[in-house]
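Quick note on our numbering: the sequence shown kicks off at 260 and runs consecutively.
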Amino acid sequence: YIRTKARQVFDVSGAGDTAIALFTLGLVSGATAIEAAEIANHGSAVVVSKLGTATVTRDELIASFRADSEDA
Numbered sequence: 260y261i262r263t264k265a266r267q268v269f270d271v272s273g274a275g276d277t278a279i280a281l282f283t284l285g286l287v288s289g290a291t292a293i294e295a296a297e298i299a300n301h302g303s304a305v306v307v308s309k310l311g312t313a314t315v316t317r318d319e320l321i322a323s324f325r326a327d328s329e330d331a
């Protein structure tokens, strides 16, 4: 079980595509399935906070992980 990342949602367009892409990227980069799912979860949380089909940058992904660790 992996908790969702509570974010303000503006548009869910592309969230699934982002999740699949980042999960796959994680796996082919050597991450475990759990690690890849965490990466995908954070990436999707970033894109739903934007309007329209959006992208997530490396810096945004890192910032999402940092914000999550500060909330813990």
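Each residue gets a CB set at the ideal place from its N, CA and C atoms; glycine is no exception.
{"query": "Reference Ser303, options Val287, Val315, Arg325, Ala292, closest by Cα", "result": "Val315"}
{"query": "Completely contained alpha helix (DSSP H) runs for the segment 295 to 331, where each covers 4 or more residues", "result": "317 to 330"}
{"query": "Check whether Leu320 and Phe269 have beta carbons under 8 Å apart", "result": "no"}
{"query": "Span separating the alpha-carbon of Thr283 from that of Ala292", "result": "9 Å"}
{"query": "Environment of Thr277 [buried if 16+ CB atoms lie within 10 Å]", "result": "buried"}
{"query": "Selected residue, minimal CA-CA separation from Gly275, among Ser323, Ala313, Asp330", "result": "Ala313"}
{"query": "Under 8 Å between C-beta atoms of Ser332 and Val306", "result": "The chain is shown only over 260 to 331; residue 332 falls outside these bounds and no answer can be derived."}
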